[in-house]
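Following my numbering, the numbering of the sequence shown begins with 216 at its first residue and continues without gaps.
Ideal placement from N, C-alpha and C gives every residue a C-beta, glycine not left out.
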Amino acid sequence: MLDTNHNFYNKIQNTGNYLIVKDDVGKSKPNTRALPSHTFSYGIKVSKDHEDAGAVISSWAETAQKSRKPIEQDFKKLNMMSITEKQVTAPQQRAFRKTAQCHRLSSEEPIVFDDGIQIIYGMPLRPSTPIKAVLSNFYGHVALEEKHYAYSNKLKTPNLRKRFVESASKKPMIEDQKILFKMKKFLKVRARTSTRRNHSFSG
Numbered sequence: 216m217l218d219t220n221h222n223f224y225n226k227i228q229n230t231g232n233y234l235i236v237k238d239d240v241g242k243s244k245p246n247t248r249a250l251p252s253h254t255f256s257y258g259i260k261v262s263k264d265h266e267d268a269g270a271v272i273s274s275w276a277e278t279a280q281k282s283r284k285p286i287e288q289d290f291k292k293l294n295m296m297s298i299t300e301k302q303v304t305a306p307q308q309r310a311f312r313k314t315a316q317c318h319r320l321s322s323e324e325p326i327v328f329d330d331g332i333q334i335i336y337g338m339p340l341r342p343s344t345p346i347k348a349v350l351s352n353f354y355g356h357v358a359l360e361e362k363h364y365a366y367s368n369k370l371k372t373p374n375l376r377k378r379f380v381e382s383a384s385k386k387p388m389i390e391d392q393k394i395l396f397k398m399k400k401f402l403k404v405r406a407r408t409s410t411r412r413n414h415s416f417s418g
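Here is the structure:
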């Protein structure tokens, strides 16, 4: 709610418009208990982080390597080898897999690198959010001060549109003379009647 000393509040009260004038209806009732000042912050106090930014930068932590998966057998090649050995039934293939050994080179899936121009790796950079200014309502106070200054009794520059309208109204009104339409065969014929302004149109 705006302060009563704010210029915008005074501007609204002096307009005389009953739709925007603020009256006593809807105002908050006076407090029955003494409340702390506006600088007091409610809520649970955030515990201090023991590992600050300086500690993170100065200390190094090695990346823990992932445990490698055990090398699996290449079942595709085992099936092909069992067919060449004429082991086609399920019990025969089961017994063949126990004796034959054909392991893959690696159990990790190969990483495919695409060198396309349209692909951008990483996250796009953006400016950091001013959390301190947002939480302290810094931008709200700035907007309040700007609005207070906008409705102050400062010297206002003359309105160029108003000056243009006044200068245009002082100029004499010059009407375009309209040419009476005539057919070509009647251009040289003089009119027999005259207008209300006692001006006869001559061909």
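- Message: Counting C-beta neighbours from all protein chains within 10 Å, is the total for Q307 16 or more, i.e. buried, or is it exposed?
- Response: Looking at its Cβ environment, which holds fewer than 16 other Cβ atoms inside 10 Å, Q307 is exposed.
- According to DSSP, which residues form a beta bridge with Q288? H318
- Could you tell me the distance, in whole angstroms, from the CA atom of E361 to the CA atom of F223? 10 Å
- Message: Let me make sure I understand the geometry here. Which of W275, R312, F255 has the alpha-carbon closest to that of E287?
- Response: R312
- So what does DSSP say about R309, is it helix, strand or coil? helix
- Message: Do H265 and H363 count as a contact pair if the criterion is CB distance below 9 Å?
- Response: Contact: no.
- Would DSSP call I235 helix, strand or coil? coil
- Message: Please list the terminal residues of the continuous alpha helix (DSSP H) segment that includes Y364.
- Response: 353 to 365
- Task: Determine the contact status of P345 and F353, defining contact as a CB-CB distance below 9 Å.
- Result: yes
- Per-residue DSSP class, three states only, for T299: helix
- Message: Here's the rule I'm using: 16 or more other beta-carbon atoms within 10 Å means buried, otherwise exposed. How should Q302 be labelled?
- Response: Taking all protein chains in view, the Cβ of Q302 is crowded by 16 or more other Cβ atoms within 10 Å, so the residue is classified as buried.
- Message: My assumption, with CB atoms under 8 Å, is that M296 sits in contact with A310. Please give the rounded CB distance.
- Response: That belief does not hold up - the Cβ atoms of M296 and A310 are roughly 13 Å apart, past 8 Å.
- Item | Sequence-distant residues of the same chain with beta carbon closer than 8 Å to S321, five excluded per side | I286
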